[in-house]
Amino acid sequence: MSMIGQYLRLSPAELERATRDPDWAAEHADDLYDRDDAAAAGRVHDTGKAWHALDFLLARRGFPVDVVFGEADMPWPAGSDWGYGPPRLLTADRVRAAADALEAHAPDALAEGVTPAELAAANVYPQGIWERGEEPDWVASSWASLRPYLRAAAREGDALLVWIS
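Our numbering numbers the first residue of the sequence shown as 3 and each following residue consecutively.
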């Protein structure tokens, strides 16, 4: 089974509800991921297996917001696990900061100067593809698709739940 980076946009009212009711938040995320319509697709996103390489490459470039792992814990009881731990939060302000920083971090430059050997040495998931010598340029397409999602969330004043499943 693959580890996948996942995102859920939450309006201020949804965030308030999610803060009080983690079961509702999990059900809401599952419902949106299961639906096959444009409205649901705009509320959720995933970066597939590129999440860890995105984190590595964005940190290397000094991206100012942790868009891969989130920046704040949710005030939920212990055991609120959505796959590989509980989701973390990017507040609406931090989503806006991420959207503001996008232009300085173009997808075509994301993997510039990074070798597969460097990713393998850093134990970046999925390590096997770097050990085989696959170039990290494919990660840029995940970053390119995450960018409009971040912009839309910022435009609407939404927060994000972020998790690895």
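C-beta: ideal position from N, C-alpha, C; glycine also.
Under a 10 Å Cβ-count criterion, Pro66 is classified as exposed, with fewer than 16 other Cβ atoms of the shown protein chains found around its own Cβ. Counted as a single uninterrupted DSSP element, the alpha helix (DSSP H) harbouring Val141 occupies residues 141 to 158. The Cβ neighbour count for Gly7, taken over all protein chains shown within 10 Å, is at least 16; the residue is labelled buried. For Ile166, the secondary structure class from DSSP, reduced to helix, strand or coil, is strand.
Within the DSSP bridge table, the entry for His47 names Tyr9 as partners. Counted as a single uninterrupted DSSP element, the beta strand (DSSP E) harbouring Leu92 occupies residues 90 to 92.
Leu12 and Ser144 have their C-alpha atoms spaced approximately 21 Å apart. Going by DSSP, Tyr35 is part of the alpha helix (DSSP H) stretching over 24 to 36. In this structure, the CA atom of Pro24 is about 7 Å from the CA atom of Trp78. When secondary structure is reduced to three states using DSSP, Ala55 falls in the helix class. Taken in chain order, the unbroken stretches of beta strand (DSSP E) that lie wholly in the stretch 73 to 145 and span 3 residues or more are 90 to 92.
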